[in-house]
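Just add 3 to the spot in the sequence shown (first one is 1) and you have this note's numbering.
The beta carbon of each residue, even a glycine, is placed where N, CA and C say it ideally should be.
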Amino acid sequence: MKRFGLLVFAVVVSTFFSMPAAGQWAVEIVDTTGDVGQYSSFAVDGSGYLHISYYGLDNTELKYAYKDAGGWNIETADAAGDVGQYTSIAVDDSNYPHISYYDNTITLWDLKYAYKDGAGWHRERVDEPGSAGPFTSLVLDDSGYAHISYSATVGMGDLDLKYAYQDAGGWHIDTVEAAGSVGQHTSLELDGSGYPHITYLDVTNSNLKYAYKDAGGWNIETGDNNGNVGSYTSLTLDGSDYPHVSYYDETNSGLKYGYKDAGGWHMETVEDAGAVGEFTSIALDGGGYPHISYYDRTNGDPKYAYKDAGGWNIEVVEDAIDAGLYTSMTIGQMSYYDNWTHDLKYAYSLFPDVGVVSFDSPPDTVCPDSIYPVCVNVKNFGNVVDTFDIVMNIDLYAETLQVFDLAPGAESLVCFSDWTVPSVPDTSYRITVCTELTGDMNDTNDCIMMRVFAWGECVPIHDGGVVSIDSPLDTVCFEATYEPCATVQNYGNRTETFSAILTLDSYAETLQVIDLLPNTSTQVCFIDWTVPTTPDTTYVMTVCTEVSGDTNATNDCAEESLFAHLCAVLDAGTDSLLSPPDTVCAKDTVSVCAVVQNYGNMNTSFPVVLFIDLFSETLRVNDLLPGEDTTVCFSDWIVPSSPDTFYVVVVQVELPGDVDPTNDRVRRDVYAEDCDVFDAGVVSLISPGDTVCTDTTYPVCAIVENSGNVTSSFDAILFIDSSSETLRVDNLLPDSTRVVCFSDWTVPSSPDTTYGFSIEVVLPGDQDPSNDTLSADIYAEDCGVGIEERVAATLSPTFFMLDQNHPNPVVDRTEIVYHIPRDGRVKLLVYDITGRVVKRLVNKQKDSGVHAVTWDTRDDNGNVLPSGIYFYKLTVAGFNVARKMAIIR
Numbered sequence: 004m005k006r007f008g009l010l011v012f013a014v015v016v017s018t019f020f021s022m023p024a025a026g027q028w029a030v031e032i033v034d035t036t037g038d039v040g041q042y043s044s045f046a047v048d049g050s051g052y053l054h055i056s057y058y059g060l061d062n063t064e065l066k067y068a069y070k071d072a073g074g075w076n077i078e079t080a081d082a083a084g085d086v087g088q089y090t091s092i093a094v095d096d097s098n099y100p101h102i103s104y105y106d107n108t109i110t111l112w113d114l115k116y117a118y119k120d121g122a123g124w125h126r127e128r129v130d131e132p133g134s135a136g137p138f139t140s141l142v143l144d145d146s147g148y149a150h151i152s153y154s155a156t157v158g159m160g161d162l163d164l165k166y167a168y169q170d171a172g173g174w175h176i177d178t179v180e181a182a183g184s185v186g187q188h189t190s191l192e193l194d195g196s197g198y199p200h201i202t203y204l205d206v207t208n209s210n211l212k213y214a215y216k217d218a219g220g221w222n223i224e225t226g227d228n229n230g231n232v233g234s235y236t237s238l239t240l241d242g243s244d245y246p247h248v249s250y251y252d253e254t255n256s257g258l259k260y261g262y263k264d265a266g267g268w269h270m271e272t273v274e275d276a277g278a279v280g281e282f283t284s285i286a287l288d289g290g291g292y293p294h295i296s297y298y299d300r301t302n303g304d305p306k307y308a309y310k311d312a313g314g315w316n317i318e319v320v321e322d323a324i325d326a327g328l329y330t331s332m333t334i335g336q337m338s339y340y341d342n343w344t345h346d347l348k349y350a351y352s353l354f355p356d357v358g359v360v361s362f363d364s365p366p367d368t369v370c371p372d373s374i375y376p377v378c379v380n381v382k383n384f385g386n387v388v389d390t391f392d393i394v395m396n397i398d399l400y401a402e403t404l405q406v407f408d409l410a411p412g413a414e415s416l417v418c419f420s421d422w423t424v425p426s427v428p429d430t431s432y433r434i435t436v437c438t439e440l441t442g443d444m445n446d447t448n449d450c451i452m453m454r455v456f457a458w459g460e461c462v463p464i465h466d467g468g469v470v471s472i473d474s475p476l477d478t479v480c481f482e483a484t485y486e487p488c489a490t491v492q493n494y495g496n497r498t499e500t501f502s503a504i505l506t507l508d509s510y511a512e513t514l515q516v517i518d519l520l521p522n523t524s525t526q527v528c529f530i531d532w533t534v535p536t537t538p539d540t541t542y543v544m545t546v547c548t549e550v551s552g553d554t555n556a557t558n559d560c561a562e563e564s565l566f567a568h569l570c571a572v573l574d575a576g577t578d579s580l581l582s583p584p585d586t587v588c589a590k591d592t593v594s595v596c597a598v599v600q601n602y603g604n605m606n607t608s609f610p611v612v613l614f615i616d617l618f619s620e621t622l623r624v625n626d627l628l629p630g631e632d633t634t635v636c637f638s639d640w641i642v643p644s645s646p647d648t649f650y651v652v653v654v655q656v657e658l659p660g661d662v663d664p665t666n667d668r669v670r671r672d673v674y675a676e677d678c679d680v681f682d683a684g685v686v687s688l689i690s691p692g693d694t695v696c697t698d699t700t701y702p703v704c705a706i707v708e709n710s711g712n713v714t715s716s717f718d719a720i721l722f723i724d725s726s727s728e729t730l731r732v733d734n735l736l737p738d739s740t741r742v743v744c745f746s747d748w749t750v751p752s753s754p755d756t757t758y759g760f761s762i763e764v765v766l767p768g769d770q771d772p773s774n775d776t777l778s779a780d781i782y783a784e785d786c787g788v789g790i791e792e793r794v795a796a797t798l799s800p801t802f803f804m805l806d807q808n809h810p811n812p813v814v815d816r817t818e819i820v821y822h823i824p825r826d827g828r829v830k831l832l833v834y835d836i837t838g839r840v841v842k843r844l845v846n847k848q849k850d851s852g853v854h855a856v857t858w859d860t861r862d863d864n865g866n867v868l869p870s871g872i873y874f875y876k877l878t879v880a881g882f883n884v885a886r887k888m889a890i891i892r
């Protein structure tokens, strides 16, 4: 959690940032490319720039957005599989992001951690026991190491609360609590001693739980057990390391807030008007008051609640159709997901505040009958671009100027009409300058006042001098061009016009400084100077002032020694993209090569990164000589099977300190076309099986496939025993399959006989005959009456094993056999391609042995599943294995 205050000056005044009473918010759309913004997490770096991690649903990727002076920037942090749910972000002292998140890729289901540095993104798997990583929360310690709380699925679907932390030795993992099903909706903070504190949901008991670690180990408390409470928790610690937590009360559909002190836990209902309080995020302001962002499900709005001495205040951040899911916040600003537009959004509270920082002139003592400028520095302390009046008063005289469009955080020098000091000696004058802004949220910094004393008649003082040489300084580079500049000042008490003289090497130049007021300075810049190529040479730059009647020669000149040498120029770039060409064939394998060059003057090593749409690969070029180029070739690219598709291929170098980024990357739009590949084949023999019964009739079916990229018609020929049959397969689409069934076959009466069974496809112009024919032997036996085949219960396997289901592909029924060498609780689940559990085949204690289960392709609700790819996974005694099967209709 970030805490911050805003320091402002009037005479000398400080105040903490607080919420504007009007409750006005501004909303920005951060990312609108597809369905993006779920699982958002928000942080602010040390420079005040914004960072957000979130999930891109369309491409199942981890995304990262950051805002700098140029606006929002969007990156893909990880796109390897289905990654990026349950993100949590923190920013290190170098303003680089660190993100924890869940890898929901089928058969992986791991906790992952990504961080960025000067070399780019790095990714690690933290915990991978089978299903670890939902509900992550990440913080960084004072050394920049990551600490993560999260949940992990164990046993038959129970959840454990886990905690991972990183040090110089790598990752370490604690199981914090394993009693029942616990660990959803975690939120993590570190206290002043570096110990972790976690709030989370106890699913078994529907309670808010709190765990913290000290020198004695983990301690676990129930924070709130009044109803079904504790989901969507968010935790922060106060200055005494006491926890403050926001969470959802599902029983009353309300937002709650709890805190602990020496007297124990205290709970409050913040809002319960409608269904409010999901997706909470909490922070404490400088006064220790809580601020909470959350979702109003009834009205579909993001909301913001904050507490002050008068109690709770509630604001609607955006009057939306359905927005405010996955909120994450710091004081006065938040990120969230718009469920109606499917966009990532950022909102901030409008805080208009301008004020006067300091007097620039006149000085605190002046001379009668002298002329002085009256100048002050004003600043926009708020977060809104503002135009405002600024009023100056000197005794009975007043003047008003206007400052236009001053940006947040910016300062401006404002100068009023010159002031002629009256001729009355030994007089004190009061000068007051105030800003006037309608709706200013902080009036303590609006005005500044100073007293100016006018002496008796002042003796004219003529004194001009050089304050400093500003550029160039110390060392310069061969053939580089510099602008010689210096700051000069009128130290006297009369307005002066005088000369400023530059001497550098054999060159000299004189400039004129016109009407410089007393006690003011200005910068003078001379004609540009190009450094000669003479090696190891020191040049002396001298700037002097010449003021008529100057009374102080000691400040007239300043001198700077400049050492010229060969400076390192770092510049690497991508010269050309050799391959792929601008047109390729779908499903082809093509090389990806580029020429990179060292355009600088030093041996250079740098990474070269390939991007093809969402895929990326990084290679490294080592010690490339100045002016030399080299060819880098990445892994071959297998062009996707979709024809008539454009792909963006980008190769770029990433050299820290590169002086010319314009040559870093080369881009090519590559068109993948249909190259007319003809290929048909037999995928599998469905029926009959390898053993049949005599005098029994069986269907004869197989799966054929069009492996080419052209819709094709072809013959399928059956050979069984001594007979044959031909069927026509018409208009089979590319990369698709079809079940073909021939006439039923009645097994002859001869037992103990083996029959040949083969199916062949005939496609004119077939380019791959290796898959045209598939054969099998069928054994016929006398099956008798009432004989039922079953898995032998007497087998004693010595290792765990999960067999491939049979038949596969599945038409309406299949059998799965698994081997377990010892007794244990068995879980055998079927997942669809999205990773959702569709059928729980086994979920019970089983004895050791070989077991079989027959499945009728219906889900847990009794619905027949559609055609597609499915996975089945066996979990028993710490053993996990998954296989793939297909259902066809």
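> Ordered along the chain, which non-local residues of its own chain (more than five positions away) have a Cβ less than 7 Å from that of Thr-239?
Replying inline: Met-4, Glu-192, His-247, Ile-285, Ala-286 and Leu-287
> Would you report the Cα separation of Val-794 and Gly-172, rounded to the nearest angstrom?
Replying inline: Confidence at Val-794 is low in this model, with a pLDDT of 42, below 50, so the placement of that residue is unreliable and no value is reported for it.
> Between which two residues does the beta strand (DSSP E) carrying Ile-102 extend?
Replying inline: 100 to 106
> Taking C-alpha atoms, which residue in Thr-435, Pro-305 and Ser-338 lies nearest to Pro-365?
Replying inline: Thr-435
> Which word fits Thr-90, buried or exposed, when buried means at least 16 other C-beta atoms lie within 10 angstroms of its C-beta?
Replying inline: buried
>> Could you give the first and the last residue of the continuous beta strand (DSSP E) run that contains Asp-408?
In response: 400 to 409
> If we count the other Cβ atoms within 10 Å of its Cβ and call it buried at 16 or more, is Val-840 buried or exposed?
Replying inline: exposed
> Can you give the Cα-Cα distance for Thr-368 and Gly-358, rounded to whole angstroms?
Replying inline: 25 Å
> What did DSSP end up calling Pro-772 once you bin it into helix, strand or coil?
Replying inline: Assignment of Pro-772 by DSSP, reduced to helix, strand and coil, places it in the helix class.
>> Checking 8 Å against the spacing of the C-beta atoms, do Gly-261 and Gly-313 come in under that value?
In response: no
> Ser-352 and Trp-28 look like a contact to me (Cβ under 8 Å); what is the Cβ gap, rounded to whole Å?
Replying inline: 6 Å
> Thinking C-alpha only, which one of Arg-670, Asp-780, Trp-858 and Ser-773 is nearest Pro-810?
Replying inline: Trp-858
> Nearest to Tyr-821 by CA position, among Gly-827, Leu-805 and Tyr-834, is which residue?
Replying inline: Leu-805
> Since Ser-594 is in the beta strand (DSSP E), which residue starts that stretch and which ends it?
Replying inline: Where Ser-594 is concerned, the enclosing beta strand (DSSP E) stretches over 592 to 601.
> The beta strand (DSSP E) spanning Leu-143 covers which residue range?
Replying inline: 140 to 143
> For Asn-709, which three-state DSSP category applies?
Replying inline: strand
> Under 8 Å between the Cβ atoms of Lys-216 and Gly-186?
Replying inline: no
> In chain order, what residues of the same chain lie with their CB nearer than 8 Å to the CB of Asn-255, ignoring the 5 residues before and after it?
Replying inline: Gly-230, Thr-272 and Asp-275.
> What is the residue span of the beta strand (DSSP E) that Ile-890 lies within?
Replying inline: 882 to 890
> What does DSSP give as the partner residues of Pro-293 in its beta bridges?
Replying inline: According to DSSP, which records beta bridges pairwise, Pro-293 is partnered with Leu-287.
>> Below 8 Å on the Cβ atoms is my contact criterion, and I expect Val-491 with Thr-525 to pass it. Report the Cβ-Cβ distance as a whole number of Å.
In response: 6 Å
>> Please state the DSSP three-state secondary structure of Ala-556.
In response: Collapsing the DSSP output to three states places Ala-556 in a helix.
>> Going by DSSP in three states, Asp-130 sits in which element: helix, strand or coil?
In response: strand
> Mind checking Ala-413: buried by the 16 CB within 10 Å criterion, or exposed?
Replying inline: exposed
>> Short of 6 Å in beta carbon distance, which residues of its chain neighbour Thr-403, apart from the five on each side in sequence? Order them along the chain.
In response: Its chain contains Asp-392 and Val-394 as the residues whose beta carbon lies nearer than 6 Å to that of Thr-403, once the 5 sequence neighbours on both sides are disregarded; these appear in chain order.
>> At the level of alpha carbons, what is the spacing between Gly-552 and Val-516?
In response: 16 Å
> Any idea which residues DSSP pairs Phe-566 with across the strands?
Replying inline: Thr-478 and Thr-541
>> Check this for me: beta carbons of Cys-731 and Ser-715, under 8 Å apart or not?
In response: Before going on, a small fix: residue 731 reads as Arg here, not Cys. In this structure, Ser-715 does not lie closer than 8 Å to Arg-731 by Cβ.
> Is it true that the CB of Arg-128 sits closer than 8 Å to the CB of Lys-119?
Replying inline: Taking 8 Å as the Cβ cut-off, Lys-119 and Arg-128 do not qualify as a contacting pair.
>> So, does the stretch 340 to 350 touch the stretch 33 to 41, judging by three or more C-beta pairs under 8 Å?
In response: yes
> What three-state label does DSSP hand Pro-691 in the structure shown?
Replying inline: coil
>> What residue range does the beta strand (DSSP E) around Gln-655 cover?
In response: From DSSP, the beta strand (DSSP E) with Gln-655 extends over 648 to 656.
>> Would Val-479 and Leu-573 qualify as a contact pair, given that the criterion is a beta-carbon distance under 8 Å?
In response: no
>> Taking a contact to mean a Cβ-Cβ separation below 8 Å, would you say Glu-180 touches Ile-223 in this structure?
In response: Going by beta carbons, Glu-180 and Ile-223 fall inside the 8 Å limit.
>> Looking at the secondary structure, which residues open and close the beta strand (DSSP E) in which Asn-445 lies?
In response: DSSP places Asn-445 in no beta strand (DSSP E); its state is neither H nor E.
> Does the beta-carbon distance from Asp-718 to Thr-729 come in below 8 Å?
Replying inline: yes
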